[in-house]
Amino acid sequence: FWFFPDVVPGHQAVHFDSTPFTFDTQFFLEVLLKGTGVPFGINNTDGAEVDSPLPNQGEMWLQSDFALARDSNFFTAMMKLSNVGQDVNSLIDCSELIPSLAVLTKKEATFPVGTNVSDVQQVCSSTFPILSADTGAPTTIPECPDGDINLADCPS
Numbered sequence: 220f221w222f223f224p225d226v227v228p229g230h231q232a233v234h235f236d237s238t239p240f241t242f243d244t245q246f247f248l249e250v251l252l253k254g255t256g257v258p259f260g261i262n263n264t265d266g267a268e269v270d271s272p273l274p275n276q277g278e279m280w281l282q283s284d285f286a287l288a289r290d291s292n293f294f295t296a297m298m299k300l301s302n303v304g305q306d307v308n309s310l311i312d313c314s315e316l317i318p319s320l321a322v323l324t325k326k327e328a329t330f331p332v333g334t335n336v337s338d339v340q341q342v343c344s345s346t347f348p349i350l351s352a353d354t355g356a357p358t359t360i361p362e363c364p365d366g367d368i369n370l371a372d373c374p375s
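The sequence shown begins at 220 in my numbering and counts up by one.
And the structure:
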């Protein structure tokens with residue numbers, strides 16, 4: 220997921236997950252993790268920001284993402300919204316027209332360094348999937364699409 224360019228005064232890029240330039244499932248795992256603080260040590264959004272699991276790495280969470288990820292009615296509501304204005308009995312299943320997926324080259328979602336399944340704030344009764352955890356130095360969130368961690372070095 221992308222970032223807010225100017226939401227935090229004095230910071231040009233504030234990310235929502237640890238893989239901001241990759242369309243992957245990491246966001247959906249991290250939004251369920253227990254928050255520990257806000258980036259840069261101050262809530263900068265007048266109540267729209269909640270504690271992030273990776274505040275020291277500059278990751279922020281919006282209240283809306285936090286609330287939707289923990290609302291047991293979200294799935295049902297999204298299913299209803301996806302069919303608004305449609306007669307579901309007249310829909311035709313065209314699944315066979317969707318091409319096969321290419322082999323995935325990106326890794327599956329993993330727990331960031333220092334987090335694990337005990338940090339998940341799960342609301343549904345389903346068993347949480349078994350995921351591996353990153354090891355080593357704390358997770359570094361890239362500032363640039365090429366993986367650079369210095370915003371000044373980002374290609375324009």
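The C-beta atom is built at its ideal place from N, Cα and C for all residues, glycine as well.
Keep in mind the model is a prediction, meaning the values are calculated, not measured.
I'd like to know whether the C-beta atoms of residue i and residue j end up nearer to each other than 7 angstroms.
i	j	result
Ala-352	Asn-335	yes
Thr-238	Gln-245	yes
Leu-287	Phe-293	yes
Thr-359	Pro-331	no
Gln-341	Phe-347	yes
Ala-267	Leu-248	no
Pro-211	Gly-229	Because the chain here runs from 220 to 375, residue 211 falls outside it and cannot be looked at.
With residue i as the anchor, note down where its alpha helix (DSSP H) starts and where it stops.
i	result
Glu-327	Counting along the chain, Glu-327 falls outside any alpha helix (DSSP H), and DSSP gives it neither H nor E.
Ala-288	282–288
Leu-300	293–301
Leu-248	245–249
Buried or exposed: where does residue i fall if 16 or more other Cβ atoms within 10 Å of its Cβ makes it buried?
i	result
Val-233	buried
Met-279	buried
Gly-304	exposed
Ser-375	exposed
Gln-231	exposed
Per the DSSP calculation, residue i is bridged to which residue(s)?
i	result
Phe-278	This sequence places Glu at residue 278; Phe is not what is there. In the DSSP output, where bridge partners are listed per residue, Glu-278 has His-234.
Gly-256	Ser-271
Ala-371	The partner list for Ala-371 (beta bridge, DSSP) is empty, contrary to what the question assumes.
Ala-352	Phe-330
If I'm right that residue i touches residue j with Cβ under 8 angstroms, what's the distance once you round it to whole angstroms?
i	j	result
Leu-252	Pro-272	4 angstroms
Val-250	Asp-284	5 angstroms
Pro-361	Phe-240	7 angstroms
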